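One structure below.
Numbering (my numbering), first residue to last: 21 to 154.
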């Protein structure tokens, strides 16, 4: 966050790695709730941080979609999966069905992301546009 606010922007081809900000609070939430089996204040802070970072990333999607494909786009898969699991876990512990729907949307997004990444990676390898020296 410090670099985003106070320093020069990261190079365009590394922009997709910003999505990684979603993963730490999501995984922290999952781990915390697995240990405590409760939605205590710490769990809620971690889950809300997950939603906050997902919102930040969502505002950056138009810019991310304009960046040419590179292997850095694979950084999208893990945070989307972590977000999805956190939503399902929150729904299970809170009985708030809206988070089941959010988790289902995340799962659909994850399927689309991984399929798209696989297709673009194979196409990039075949076309010689990725995994080449700079």
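Don't be surprised by glycine CBs; every beta carbon is placed ideally from N, CA and C.
This structure is a prediction, so every number in the text was calculated from the model and none was measured.
Just verifying my parser: in three-state terms, what is the DSSP assignment at residue i?
i           : result
residue 115 : coil
residue 99  : helix
residue 125 : helix
residue 54  : helix
residue 26  : helix
residue 151 : coil
residue 89  : coil
residue 82  : helix
residue 59  : coil
residue 45  : helix
Cα separation between residue i and residue j?
i           : j           : result
residue 63  : residue 77  : 21 Å
residue 114 : residue 126 : 18 Å
residue 48  : residue 118 : 21 Å
residue 120 : residue 40  : 22 Å
Contact check, residue i vs residue j under 8 Å by CB: the rounded distance?
i           : j           : result
residue 130 : residue 101 : 6 Å
residue 106 : residue 46  : 4 Å
In terms of alpha-carbon separation, which member of the options lies closest to residue i?
i           : options         : result
residue 110 : 47, 67, 32      : 67
residue 97  : 48, 138, 144    : 138
residue 91  : 29, 140, 26     : 140
residue 89  : 143, 27, 30, 26 : 143
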